[in-house]
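Enquirer:
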Amino acid sequence: MRILGLDYGDRRVGLAVSDPLQLTAQPLDTRLLTGPEGDAKYFQDIVLRYEVETIVVGIPVRMDGSPGTRAEKTREFGRWLERAVGRPIIFWDERLTTRQAQGVMKSQKVRIKDKKSVENQISASIILAGYLESLRDDSHDP
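In the working numbering, the protein residues as written are 6 to 147.
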């Protein structure tokens with residue numbers, strides 16, 4: 006089973022998916038949000054196609070650890086998504102992921118017209134990679 010990572014925004018959601026062993030995160034897609042019905046079907050299809058067991062949604066957190074201005078809207082999206090696809094949602098600190106994604110894009114010379122779409126996917130993969138790393142770290146605890 007795989008884990009899906011999401012970078013939620015007002016208009017777009019970046020997606021990344023783990024490998025079946027849940028060791029790595031790969032950018033998958035960027036969804037331009039269209040409305041509850043179409044979005045629910047899209048995410049249901051992704052969950053079935055990739056055999057997703059859990060979804061990790063990046064939550065905006067300020068540098069001091071307090072919730073960011075978009076945190077509640079992101080939580081609302083997560084609750085909606087959990088109902089829509091029937092999979093548990095885990096919220097994960099997305100601090101500095103956009104900055105990291107921009108660094109990756111700069112190093113890979115991403116074309117301007119693809120920039121926002123790719124940024125969302127890379128941010129989602131950074132969020133997911135952080136979560137996957139925490140799973141590995143927890144598995145080594147005595």
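The C-beta atom is built at its ideal place from N, Cα and C for all residues, glycine as well.
Using beta-carbon positions only, say whether A21 and G10 come within less than 7 Å of one another.
Expert: Along the sequence shown, read from residue 1 onward, the residue named residue 21 stands at position 16. Along the sequence shown, read from residue 1 onward, the residue named residue 10 stands at position 5. In contact: A21 and G10 (Cβ atoms closer than 7 Å).
Enquirer: Got a sec? Which residues, its chain only, sit under 6 Å from R67 by beta carbon, not counting five neighbours each side?
Expert: Start at 1 with the first residue of the sequence shown, and residue 67 comes out as number 62. Closer than 6 Å at the Cβ level, and outside the excluded window around R67, lie G73.
Enquirer: Please return the same chain residues whose Cβ sits closer than 6 Å to the Cβ of D44, not counting the five positions on each side in sequence.
Expert: For the purposes of this step, residue 44 is taken as residue 39 along the sequence shown, with counting starting at 1. The residues are L38.
Enquirer: With DSSP run on the structure shown, which of helix, strand or coil describes I127?
Expert: Translated into the one-based positions of the sequence shown, residue 127 becomes position 122. DSSP places I127 in helix when its eight states are reduced to three.
Enquirer: With distances taken between CB atoms, is the gap from R92 to I60 smaller than 7 Å?
Expert: Residue numbering aside, residue 92 sits at position 87 when the sequence shown is read from its first letter. Residue numbering aside, residue 60 sits at position 55 when the sequence shown is read from its first letter. For R92 and I60, yes; Cβs fall inside 7 Å.
Enquirer: Is N125 near T35, with beta carbons less than 7 Å apart?
Expert: Residue 125 sits at position 120 when you count from the first residue of the sequence shown. Residue 35 sits at position 30 when you count from the first residue of the sequence shown. Yes, they are a contact pair.
Enquirer: Suppose the cutoff is 8 Å on Cβ atoms and the five residues either side in sequence are ignored; what does the same chain contact list for L137 look like?
Expert: Residue numbering aside, residue 137 sits at position 132 when the sequence shown is read from its first letter. Closer than 8 Å at Cβ, skipping near neighbours: I8, S23, Q27, L28, T29 and A30.
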